[in-house]
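Visitor:
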Amino acid sequence: MDWSDVFGGAALIPLLNAAIRLAIPTGLAAVGESFCQKSGVLNLSVEGMMLTGALTAYLGAYYSGSLWVGVPAGIGGGLLVGVLMALFTLKFKTEQVINGIALVLLAQAATSFTFEELFGDLTLTGRFEPMKNWEIPGLSSIPGVGTVLFNQSPLVYLSVVLIFAIWYLLNRTMFGLAVKAVGDRPAAADAAGISVTRTRWVAILVSGAMSGLGGVVLVVGQLGMFMQNVTAGRGWVAIALVIFGRWKPLRVMAGALLFGLTDAIQLRIQAASGGIESNVPFELFQAMPYLVTIAVVVFASARARRSGEPEALGRPFFKGAQIEA
Amino acid sequence: MTGVRKSFGSVAALDGADFYLRHGEIHALLGENGAGKSTLMNILYGLELRDGGEILIDGHPVDFQTPQDAVAEGLGMVHQHFKLVPRLTVIENVILGGKDSRAFRLPDLETSARKLEDLAETYGLPISARDRVSNLSVGEQQRVEILRSLYFGARTLILDEPTASLTPLEVRQLLAKLRDLARAGTSIIIITHHLDEVMESADRVTVLRSGSNVGTLEASETSQLELARMMVGRDVGILTQSDAIRDQKVDQSVKDKNRPVLRLSGVDASSRVAETGKETVARRGLFDLSLEIHPGEIVAVAGVEGNGQAELEDVLSGFLEVDQGEFAIDGKDCTTCSPEDLLNLGAGYIPSDRYRRGLIGGLSVAVNVSYDRIGEAPVGNRFWVDSKELMRLGDRAVEEYSIAVRGAGELAGTLSGGNAQRVVIARALAKELRLLVAAQPTRGLDVGAIEFIWGLLEEQRSRGLATLLITTDLDEVMALSDRVYVMYRGRLSEVPRDRESIGLAMGGANKQGEESL
Amino acid sequence: MAVTGALVTGGILLVLVGANPVDAYVEMVKGTFGSWFDVSLVLTEMVPLVIIGLGLVIAFKARIWNIGAEGQFMFGALVGGAFALRVPLQNQFLAIPAVLLVGALAGALWGLLVAAARVRWRVNEVISSLLLNYVALFVFAYAVRKPLRDPGGFKPTSERVPDQFVLGDVPVDEIRVHVGIVVALLLVPLVGFLVNRSPFGMRATMFGMNPEAAQAAGVNASKMTLRIMMLSGALAGLAGIIQVLGSELRLSNNMSTGYGFTAIVVALIARLRPFGVLLAAAFLGALTLGGDVIQRTQQVPRVLTMVIQAIFVLFLLLADRRRSN
């Protein structure tokens, strides 16, 4: 195989362009998750949120014939799982870790079931053309940078705006202040008249919407199709990136870009390797994004005190309980 | 407030309690733990709902569903455990409670901060609005709490155990400030069980016992002794016995000066914390600690919260590793000991947080009494747990330590503070010990349990056990200790065994009243 | 209550896709317990579920959320399978214990990675164990595509394992199940004793309920985490190699139908009781095969049964909460 197809000068710009594109779905989910964890909820259902969003986005786009219908549909799918997560975590107060995992299993089964029932097969039925890129006039003609940054799907631009919006919400608003207070000292927030439960509801739903949109970008913006477990663990990667980014939305997004780059490289290698009889161990490169994710989490955890970690992460809040850490 | 009633399950916390507050007075609400002081004030502040009774403010009835209702009526409350978010700044903490709910915009921090600092100036409670709360001392945090109430227009302040974690000096300053506030027209309620503070600051005192009031007195017309009797309903040995009597007892104890059981020399320990589940709390360090304990003596380490007692406790229980210096038990090096190693060396441990570190609520009392001996005789062997023997030992402990349960099979999670602590101590003393590290062994317990536990510790001393008593309670220091050290800003110094010296050292001052480094 | 809830929800789904739920459930029962042949299939399906499930019970008791059993299973199968294919042991009585040991050790190693990351760098085990699943799957895929590939085969699978490594059927008339079932049945009381009656199990329970108190009582958190993850991984690895030697007879990418995840459901349904694992595995084994039946007879996607499983867990969480109140 020809390695210059992967790393050569001509390949570099498309590679970086792809890295951004591939980083977005995971990045959206990860930033949403960082917001959610800031409120003290360890939401492990991200993979389920993304997957459900991916399916509903596909269905919306497929049946309406309009890619844009897929956007609200996908967000709605993520929100649906978010509502379940919030009900179990906040209303029924069951073990967050378990109901998160259970919701992922449910979403994996339910999306496959729905898809197979509707299309009779889990293979590639009903492909459509994914959303076209928008070249931002002027900016996209800047050599190099322009092609990398400003020749992307409109969903990518939307996502970037939303990621900054989450950062703003967390760091520049009263609501963000409330989220941080609820995640660190729920009893103190409660005493100040902030509803812990309501704040966490919103935070979980934000995570659901962002993850759902991640599914949208994947299906409507990139693949133009749905298949069983199409998200392939991106939701779990997203949770890992939250730790890497120390719960800071922009740093989390930077982690997602690293993931996107590894993913872009491995896809190139796979494409250049020449298929099933190739001597290139492309499967090992396929494992690379996951290995890199594990590595950066280890790196982040080993190096830094977890300064950004919410103190009450994963702990349910019982109003009026006397014991508090 | 008249005839206020409140029950938790079948237990009546308040049974027709009355309370009357005048404008501009300091009114102490006195009572033992569980007398209902906090419950009564929580009801007044809208934190808990009452089952019956009436609350009138300036003659008109009120019915607060939430603290915000109470704040709107000019009430403010400073809780014993401050309701502050350490990660946020002072001003962020203050506006957190505001009604200003423009959720998507941060209100003008500048204006709010200026308003707060003006207020601080007016009341002589200086504070910097931009500091992170995590960087403030306990006293400063309390100031933030008081200012927050005033910021929202409080005319009546409720302070729950305001002096619990202050140095004697800070206590005096606080009480003086409160008198200033009262003179300026603010009404103040202090919940406390410290008689001397009541006498020093309050205009009137209301005493509660078992959920109803015993009486309301003018502070100037009563005495500490009378109040103590009203609180407990009988004469209490530990409160009337003078320090001098105990001084004699100390001299009788047999000591072996040559063989220290515990020896610390030049110990430093930094804020790194050994893995304790998923919790990590940034902690300050310990510097150059030296200390020896011999068989048959109780050595107290007194101090105010946040000065290193917790870290010392962690070092001596194996949760925090020593960075440098010498730490030995019976001459054996323990600088890298795990909790397991320390147990094997015969070091018993009564943790300050008994629920977190001393009990497993989901397991039976019987298991809790013996769980540090799982895998060894008599509770079976390496391969097998003898559950019959476990039950037998549990039943015996329940009887010996008068643990109030139906049987040793009951879950430990249901135990009240005093009974929980009896289980913890029963487990620690079941082993053959060389050293006992007792951290805040009676914190939050009622007088009966305190007497029982003090008795146990004295009995162990007479049997030759070496005990390190880590406590913030001066009464406890005076009642039990043979020698006293004080911990201040991570450093340890031995001080004479009298209240004044200890009190001054806890605040970082020596006898001449100078601030020492 | 949870059973009814899950089955009713499943029934509603059946109605939605236009099948008669009563017929479907009857078919499922007939198709799984109707003949000795069907019972044999259920028993065969139970083997990996019981063995992995027992390992998860041990981990979950200590509140170590190992959701990487799938990867541990595949890695055990891969390394054990490679041993069988490449190491020319002739004596059956030597070969089988040796290969089982190798498979278990491989699984233990995969589990050890998770434990080491948690102990050394405080990396959340949920994330690391899940991400390692993908790594194991890709390594497996590479191995059967290249180094262990059956040159004569069309699909990327290994050759058949040599006869002396193959697990025979139990010598009982009518029932055709490989002796892996015997291993599974023996492990149940063994793990039962370990969890309920041994000092190790007691300490693991203490550690799970209150890690700090357990440490104060002399439980070494690091050692405990390492041992438990290795044990849990070893059982999953053992299940993997048994699946190869008893059922598949060769290494192939689709040898697991998600046993590692179904086993999570098994452990939770069993309420972390080793003997409960047996019943739960029987139930889920039957459910899985029932899925095949209704796919054949009712044209309902078999993945419906996975939906039912996930819903079952959620209902169970609700039921447990009711009980604890």
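Residue numbers (the numbering used here), protein chains in the order written: chain A, 1 to 325; chain B, 1 to 517; chain C, 1 to 325.
Note that the Cβ used here is the ideal one computed from N, Cα and C, for glycine as well.
Predicted, not measured: the structure shown is a model, and the values here were computed from it.
Could you check whether the Cβ of Val298(A) sits closer than 8 Å to any Cβ belonging to chain C?
Guide: The residue given as residue 298(A) occupies position 298 in the first sequence. Judged by the 8 Å Cβ criterion, Val298(A) is in contact with chain C.
Visitor: What is the C-beta distance between Thr231(A) and Met85(A), in whole angstroms, given that I count them as a contact (C-beta under 8 Å)?
Guide: Taking the first residue of the first sequence as position 1, residue 231(A) is located at position 231. Taking the first residue of the first sequence as position 1, residue 85(A) is located at position 85. Actually they are not in contact, since the Cβ atoms of Thr231(A) and Met85(A) sit about 16 Å apart, beyond 8 Å.
Visitor: Check whether chain B comes within 8 Å of Glu212(C), counting only Cβ atoms and requiring the distance to be less than that.
Guide: In the third sequence, counting from the first residue as 1, residue 212(C) sits at position 212. So, interface residue.
Visitor: Indicate whether at least one CB of chain A lies closer than 8 Å to the CB of Lys83(B).
Guide: Against the second sequence, residue 83(B) aligns to sequence position 83. Yes, contact with chain A.
Visitor: Who are the near neighbours of Thr156(B) in its chain, counting only those whose CB is closer than 8 Å to its CB and skipping five residues on each side?
Guide: Here residue 156(B) corresponds to residue number 156 of the second sequence, with the count starting at 1. Same-chain partners within the cutoff: Leu21, Gly74, Leu75, Gly76, Thr186, Ser187, Ile188, Ile189.
Visitor: Cβ closer than 9 Å: which chain B residues qualify as neighbours of Ile194(A)?
Guide: Start at 1 with the first residue of the first sequence, and residue 194(A) comes out as number 194. Under the 9 Å cutoff, chain B gives Leu96, Gly97.
Visitor: Can you check DSSP and say which residues form a bridge with Phe259(C)?
Guide: Numbered from its first residue, the third sequence carries residue 259(C) at position 259. The displayed chain sequence assigns Tyr, not Phe, to residue 259(C). BP columns for Tyr259(C) are empty, so no partner.
Visitor: Since Phe287(B) is in the beta strand (DSSP E), which residue starts that stretch and which ends it?
Guide: Here residue 287(B) refers to the residue found at position 287 when the second sequence is read from its first residue. Counting along the chain, the beta strand (DSSP E) containing Phe287(B) begins and ends at 286-293.
Visitor: Check distances from the C-beta atoms of the stretch 187-213 of chain A to those of chain B and list, in chain order, the residues that come in under 9 Å.
Guide: Residues Ala187, Ala188, Ala189, Asp190, Ala191, Ala192, Gly193, Ile194.
Visitor: Which word fits Glu248(C), buried or exposed, when buried means at least 16 other C-beta atoms lie within 10 angstroms of its C-beta?
Guide: For the purposes of this step, residue 248(C) is taken as residue 248 along the third sequence, with counting starting at 1. Flag for Glu248(C) reads buried.
Visitor: Report all residues from its chain with a CB closer than 8 Å to the CB of Trp454(B); omit the five preceding and five following residues, and keep chain order.
Guide: Residue 454(B) sits at position 454 when you count from the first residue of the second sequence. Ile238, Thr442, Glu476, Ala479, Leu480.
Visitor: Mapping DSSP to helix, strand and coil, what is Gly53(B)?
Guide: Within the second sequence, numbered from 1, the residue matching residue 53(B) stands at position 53. Of the three classes helix, strand and coil, the one that applies to Gly53(B) here is strand, per DSSP.
Visitor: Within a Cβ cutoff of 6 Å, which residues of the same chain sit near Gly80(C), ignoring the five residues on either side of it in sequence?
Guide: For the purposes of this step, residue 80(C) is taken as residue 80 along the third sequence, with counting starting at 1. Counting only Cβ-Cβ distances below 6 Å, and skipping sequence neighbours, we find Val99, Val102, Gly103, Ile241.
Visitor: Alpha carbon to alpha carbon, what distance is there between Ala295(A) and Ala19(A)?
Guide: To locate residue 19(A), count along the first sequence from 1; it is residue 19. To locate residue 295(A), count along the first sequence from 1; it is residue 295. Their backbone Cα atoms lie some 19 Å apart in a straight line.
Visitor: Please list, in chain order, all residues of the same chain as Gly60(A) whose beta carbon is under 6 Å from its beta carbon, the five residues on each side excluded.
Guide: As a position in the first sequence, residue 60(A) is number 60, starting the count at 1. Answer for Gly60(A): Val69, Gly70, Ala73, listed in chain order.
Visitor: Can you list, in chain order, the residues of its chain with a C-beta nearer than 8 Å to that of Ala254(A)? Leave out the 5 residues immediately preceding and following it.
Guide: As a first step, residue 254(A) must be located in the first sequence, where it is residue number 254. Answer for Ala254(A): Gly245, listed in chain order.
Visitor: Could you give the residue range of the beta strand (DSSP E) that holds Asp163(C)?
Guide: On the third sequence, residue 163(C) is found 163 positions in, with the first residue counted as 1. Here Asp163(C) belongs to no beta strand (DSSP E), and DSSP marks it neither H nor E.
Visitor: Compare the beta carbon distance of Ile194(A) and Thr89(A) with 8 Å and say whether it is the shorter of the two.
Guide: Here the question's residue 194(A) lines up with position 194 in the first sequence. Here the question's residue 89(A) lines up with position 89 in the first sequence. Taking 8 Å as the Cβ cut-off, Ile194(A) and Thr89(A) do not qualify as a contacting pair.
Visitor: When you compare the stretch 163-172 of chain B with the stretch 112-123 of chain B, are there three or more beta-carbon pairs, one atom per stretch, that lie closer than 8 Å?
Guide: These segments do not touch.
Visitor: Hey, Asp23(C) and Gln298(C) are a contact pair by Cβ (cut 8 Å); roughly how many whole angstroms apart?
Guide: Translated into positions along the third sequence, residue 23(C) becomes position 23. Translated into positions along the third sequence, residue 298(C) becomes position 298. Going by Cβ atoms, the distance from Asp23(C) to Gln298(C) rounds to 7 Å, so yes, they are a contact pair.
Visitor: Is there a C-beta anywhere in chain B that falls below 8 Å from the one on Glu165(A)?
Guide: Reading the first sequence from its first residue, position 165 is the one you call residue 165(A). Correcting the residue identity first, residue 165(A) is Ala in this sequence and not Glu. Taking Cβ atoms only, chain B never reaches closer than 8 Å to Ala165(A), which makes this a no.
Visitor: Using CA atoms only, rank isn't needed, just tell me which of Gly16(B), Leu289(B), Ala154(B), Gly59(B) is closest to Gly53(B).
Guide: For the purposes of this step, residue 53(B) is taken as the residue at position 53 of the second sequence. Nearest of Gly16(B), Leu289(B), Ala154(B), Gly59(B) to Gly53(B), Cα basis: Gly16(B).
Visitor: Within the 8 Å Cβ cut-off, does Pro339(B) reach chain C?
Guide: The residue labelled residue 339(B) in the question sits at position 339 within the second sequence. Taking Cβ atoms only, chain C reaches closer than 8 Å to Pro339(B), which makes this a yes.
Visitor: Using 8 Å as the cut-off, can you tell me whether the stretch 263-271 of chain B makes contact with the stretch 307-324 of chain B, which would need three or more C-beta pairs spanning the two stretches below that distance?
Guide: Contact between the stretch 263-271 of chain B and the stretch 307-324 of chain B is present, because at least three Cβ pairs lie under 8 Å.
Visitor: For Tyr63(A), is the classification buried or exposed, using 16 other Cβ atoms within 10 angstroms of its Cβ as the cut-off for buried?
Guide: One-based indexing of the first sequence puts residue 63(A) at position 63. Its Cβ having fewer than 16 others within 10 Å, Tyr63(A) is exposed.
Visitor: Does Gln68(B) get closer than 8 Å to chain A when you measure Cβ to Cβ?
Guide: The residue you call residue 68(B) lines up with position 68 of the second sequence. Closer than 8 Å to some Cβ of chain A, the Cβ of Gln68(B) qualifies, so yes.
Visitor: Tell whether a beta-carbon distance below 8 Å holds between Ile158(B) and Met231(B).
Guide: Along the second sequence, one-based indexing puts residue 158(B) at 158. Along the second sequence, one-based indexing puts residue 231(B) at 231. Contact flag unset, no.
Visitor: Alpha carbon to alpha carbon, how far is Ala377(B) from Arg392(B)? Give it in angstroms, no decimals.
Guide: Taking the first residue of the second sequence as 1, we reach residue 392(B) at position 392. Taking the first residue of the second sequence as 1, we reach residue 377(B) at position 377. Whole-angstrom Cα-Cα distance: 14 Å.
Visitor: What separation, rounded to the nearest whole angstrom, lies between the Cα atoms of Glu277(A) and Thr262(A)?
Guide: Along the first sequence, read from residue 1 onward, the residue named residue 277(A) stands at position 277. Along the first sequence, read from residue 1 onward, the residue named residue 262(A) stands at position 262. Roughly 23 Å separates the two Cα atoms.
Visitor: Give a yes or no on whether 8 Å exceeds the smallest Cβ distance from Pro441(B) to chain C.
Guide: Here residue 441(B) refers to the residue found at position 441 of the second sequence. So no, Pro441(B) is outside the interface.
Visitor: Below 8 Å on the Cβ atoms is my guess for Leu41(C) versus Leu289(C); work out the distance and round it to an integer in Å.
Guide: Locating residue 41(C) in the third sequence gives position 41, where the first residue counts as 1. Locating residue 289(C) in the third sequence gives position 289, where the first residue counts as 1. Right, their Cβ atoms sit about 6 Å apart.
Visitor: To the nearest angstrom, report how far apart Gly53(C) and Ala263(C) are at their CA atoms.
Guide: Start at 1 with the first residue of the third sequence, and residue 53(C) comes out as number 53. Start at 1 with the first residue of the third sequence, and residue 263(C) comes out as number 263. So the two alpha carbons sit approximately 5 Å from each other.
Visitor: Quick one: what's got a C-beta closer than 8 Å to Val379(B)'s C-beta in the same chain, skipping five residues either side?
Guide: The residue you call residue 379(B) lines up with position 379 of the second sequence. Around Val379(B): Ser370, Arg373, Val385, Asp386, Glu389, Leu390, Leu393.
Visitor: For Arg373(B), write down the residues that DSSP places opposite it in a beta bridge.
Guide: Along the second sequence, read from residue 1 onward, the residue named residue 373(B) stands at position 373. DSSP, once it has assigned bridges, lists no residue as partnering Arg373(B).
Visitor: For the beta strand (DSSP E) holding Ile191(B), just list the boundary residues, first then last.
Guide: Residue numbering aside, residue 191(B) sits at position 191 when the second sequence is read from its first letter. 187-192 is the span of the beta strand (DSSP E), which, as asked, contains Ile191(B).
Visitor: Please classify Ile323(A): is it buried, with 16 or more other beta-carbons within 10 angstroms of its beta-carbon, or exposed?
Guide: By one-based count along the first sequence, residue 323(A) stands at place 323. Confidence at Ile323(A) is low in this model, with a pLDDT of 37, below 50, so the placement of that residue should be treated as unreliable; the coordinate-derived value is given next. Exposed, because fewer than 16 other Cβ atoms sit within 10 Å of the Cβ of Ile323(A).
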